[in-house]
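Note sheet for the following structure.
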Amino acid sequence: MLIRAGGQVHGAVVVSQSTFRILQALYDVRLRLFEIVLLSLGVASVLTWVASSTIVNPLLRLQEGAAGLTARRGVLGGVFNQVKRKDEIGDLARSLEQLAARLDDHIKLLESFAGDVAHEFRNPLTAIRTAAETVADAESADERRRFLTMLLKDVDRLEKLVSGVRELASIDTQLSTAERPLVNLSELLTTLATGRGQAALRLQLPTTPTFVLGSADRLWQVFENLLDNAVGLSPTGSDVEVGPAVHSSECVVTVADRGPGIPEHTCPGSSRGFSRRRSARAHGPRS
């Protein structure tokens with residue numbers, strides 16, 4: 645501010661203030677910003693580590709397990725059970741483990757099926773070869789006719805085996821794609837029980853009809869073969885008892901007869917495809 649007297653400037657007054665407090669405030673702001681940045685980086689690092697350990701790493705283990713299925717031989721199960729959690733990733737791991745176990749069972753079933761088919765085809769092929777080699781050396785027309793008849797029977801047997809293999813090969817696809825309506829099992833068993841040979845077939849049906857989900861044609865085929873075997877192997881005048889029973893959400897059908905039973909040592913393999921009893925010795929009542 646200028647000081648004037650008599651129209652002349654005699655001096656000036658300057659008012660000033662120190663900038664220390666302003667600089668100190670700016671310094672504090674920069675320090676706070678730096679602290680916030682460091683804290684944010686720390687929080688981000690912790691969140692990244694948590695995400696990596698809880699999400700990324702388990703997913704990587706699942707990916708490695710899935711990739712290892714293509715190069716792994718033998719048992720396929722136990723690949724995804726390392727991820728033991730109770731969240732969605734754990735559910736995914738358990739689902740993949742179940743899928744791998746089912747795939748392993750399916751591969752074993754295919755291997756067993758191929759071996760059984762080869763075994764079943766070997767017998768008629770051997771018989772055809774033997775008959776073909778023998779018919780060329782037959783001395784009489786009757787002998788040649790007999791061997792040719794044997795050849796035709798073995799060819800028919802091969803055709804039946806081929807039809808059975810084709811049906812077995814397509815049964816999984818049919819069961820997975822076809823709708824499974826309700827089937828009146830009581831009515832189906834009653835129809836099958838009509839005219840079953842010499843043995844008396846006794847149905848023990850519940851008071852209310854029993855319904856199951858499935859293919860009526862497949863169920864008919866299963867019970868027709870089962871009842872034919874039970875009736876055909878039962879002594880004359882004996883009874884074959886058939887009865888469905890509902891347990892919780894399952895239906896169990898029991899077939900009990902007095903024919904030759906299955907030896908205890910052959911029971912584990914009796915449910916395999918193409919399994920058969922070649923011995924006709926009796927082993928007591930069976931069901």
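According to the numbering used here, the sequence shown is numbered sequentially starting from 645. Virtual Cβ for every residue (Gly too), placed ideally from N, Cα, C. Note that the structure is a prediction, hence the values are computed from the model and not measured.
Taking all protein chains in view, the Cβ of T698 is surrounded by fewer than 16 other Cβ atoms within 10 Å, so the residue is classified as exposed. In this structure, F855 sits near N828, with a CB-CB distance shorter than 7 Å. C-alpha of A889 to C-alpha of V700: approximately 50 Å in a straight line.
In the displayed model, T838 falls within coil according to three-state DSSP, outside both helix and strand. Separation of the CB atoms of G903 and A874 is rounded to 7 Å, and the pair is thereby assigned contact status at 8 Å. Under the DSSP assignment, T770 falls in the alpha helix (DSSP H) whose first and last residues are 732–779.
Across the structure, F867 and L704 are spaced so that their CA atoms are roughly 49 Å apart. Distance from L795 to A776 at the Cβ level is roughly 7 Å; contact confirmed, criterion being Cβ atoms closer than 8 Å.
Around the beta carbon of L871, 16 or more other beta carbons lie within 10 angstroms, which makes this residue buried. Contact check for V809 against V884 fails: the beta carbons are separated by 7 Å or more. Every alpha helix (DSSP H) stretch that sits fully inside the segment 847–904 and reaches 4 residues is listed by chain position as 860–877. Collapsing the DSSP output to three states places G655 in a strand. Between the beta-carbon of A737 and that of L706 there is about 6 Å, and that keeps the pair under the 8 Å contact cut. Counting other Cβ atoms within 10 Å of its Cβ, F724 reaches 16 or more and is therefore classed as buried. V886 counts as buried, since at least 16 other C-beta atoms from the protein chains shown sit within 10 angstroms of its C-beta. For V827, the pairing in a beta bridge is given by DSSP as V856. Non-local beta-carbon contacts of V897 in its own chain, meaning distances under 6 Å to residues more than five positions away in sequence, involve P888 in chain order. Assignment of beta-bridge partners to A649 by DSSP yields Q652.
Per the coordinates, the alpha-carbon of V694 lies some 10 Å from the alpha-carbon of V687.
Here DSSP, grouped into helix, strand and coil, assigns A844 to strand. When DSSP states are grouped into helix, strand and coil, S784 belongs to the coil group. In chain order, G881, S882, D883, V884 place their CB closer than 8 Å to the CB of A844, counting only its own chain and leaving out the 5 sequence neighbours on each side.
By the Cβ neighbour-count rule, P768 is buried, with 16 or more other Cβ atoms within 10 Å of its own. In this structure, the CA atom of E803 is about 10 Å from the CA atom of F765.
If you look at R676, you'll find it in the alpha helix (DSSP H) that goes 664–695. About 6 Å separates the Cβ atoms of L832 and L863, confirming a contact at the 8 Å cut-off.
Distance check between A744 and each of S756, A711, K728, E755 places A711 closest, using alpha-carbon atoms only. Assigned with DSSP and collapsed to three states, R810 falls in helix.
A direct Cα-to-Cα measurement between L812 and T778 gives close to 34 Å.
The beta carbon of S830 sits closer than 6 Å to those of L849, P853, T854, all from its chain and outside the five residues before and after it, given in chain order. Considering only T835, R846, L857, the residue with the shortest C-alpha distance to L826 is L857.
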